[in-house]
Amino acid sequence: MSTERKPLISGNWKMHHNHFEAIQMVQKLSYILNPQDYEKVDVSVHPPFTDLRSIQTVLESDHMPILLGAQNCHWEEKGAFTGEVAATMLEKLNVSFVIVGHSERRELFGETDAEVNKKVKAVLKANMTPIVCCGETLEEKEAGKTEEKVIGQIMSGLANLKSEAVGGLVIAYEPIWAIGTGKTATPEDAQSVCSLIRSTVKEKWGSAGEAVRIQYGGSVKSGNCPDLMRQPDIDGALVGGAALDPDEFARIVNYRLVG
Ligand code: PGA
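Here the sequence shown stands for residues 7 to 265, where the numbers follow the numbering used here.
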């Protein structure tokens, strides 16, 4: 990958770990990882909402260079939206990254491209970085519709954004058939879609295409991470299951030492 784009390894904990368990997780991680590990790679963890305040306190009081992330947010700043959490509330917890449009949110909770776009704008307005997810289902892949799906999600998810904003984003390519299934896209297939994403961004937003960081996600483990990270357009990984084991997640963060 390009030397200008610092890799970002993100652990998406999904609906795992209460705040006591979450504290133990980050303490273990900080024990395993050395300060120099963070010089080459940005690391973020994305616990459930109820853990964020506790993790923020631990990270800040122990000066841990792990960045805090959330898994979702609402686009409005306040109002009658029972059960929702505003991007501005996350900003107050020093959250750096917010995952937007994860396929589980789209598939299980009916999140649309238009909502993804509103969330991306809300996250940017609240001075955080969206990790915008895209990816095709197995049916779409088999029907040869991967490009159409991914380009469509990017164009609508990032609609009406300025080039400076797009350049600072993270895009996560996560083929849905690879999430939690143990099936990973081959490094070549993942590269080809990530390169398509980059050229799509370049075509529409110019130099933002070079700056935008693109993660791969879908059954990333320490064993397959080095080959994925060697691809020129893959700048990081969005890790689900393997991020729940601090030793394995630390090996992924240190993918350079493994492969
Ligand atoms: P997985 O999940 O690593 O368990 O496949 C990735 C994700 O959903 O972000």
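Beta carbons are placed, not taken as given, at the ideal position from N, Cα and C, and that holds for glycine.
In the displayed model, Q221 falls within a strand according to three-state DSSP. Among the bridge pairs identified by DSSP, I182 is matched with none. Residues D48, V49, S50, S102 and F103 of the same chain have their beta carbon placed closer than 7 Å to that of L73, with the five preceding and five following residues left out of the count.
If you check the C-beta of L234 against the ligand PGA, you find no heavy atom less than 6 Å away. In the DSSP assignment, N18 falls within the unbroken beta strand (DSSP E) covering L14 to N18. Ranked by Cα distance from R11, the options D239, A249, S205 and L250 are led by D239.
Secondary structure remark: continuous alpha helix (DSSP H) runs of at least 4 residues inside the stretch 32-80, in chain order: 43-46 and 58-67. Relative to the ligand PGA, the beta carbon of S225 is positioned inside 6 Å of a heavy atom.
Between the stretch 52-67 and the stretch 141-152 there are fewer than three C-beta pairs closer than 8 Å, too few to call the two in contact. P238 carries a coil assignment under DSSP once its states are collapsed to helix, strand and coil. Annotation for N18 indicates a beta carbon within 6 Å of some heavy atom of the ligand PGA. Cβ atoms of K84 and A92 come within 8 Å of each other, at about 6 Å. Here the C-alpha atom of S16 lies approximately 7 Å from the C-alpha atom of H52.
If you draw a straight line from the Cα of T152 to the Cα of I29, it is about 39 Å long. In this chain, the alpha helix (DSSP H) harbouring F255 covers P252 to V259. Pairing E180 with C139 gives a Cβ-Cβ distance under 7 Å.
Annotation for K46: no residue places its beta carbon closer than 6 Å to its own, counting only its chain and skipping 5 residues before and after. Counting along the chain, F87 sits inside no beta strand (DSSP E), nor does DSSP assign it H or E at all.
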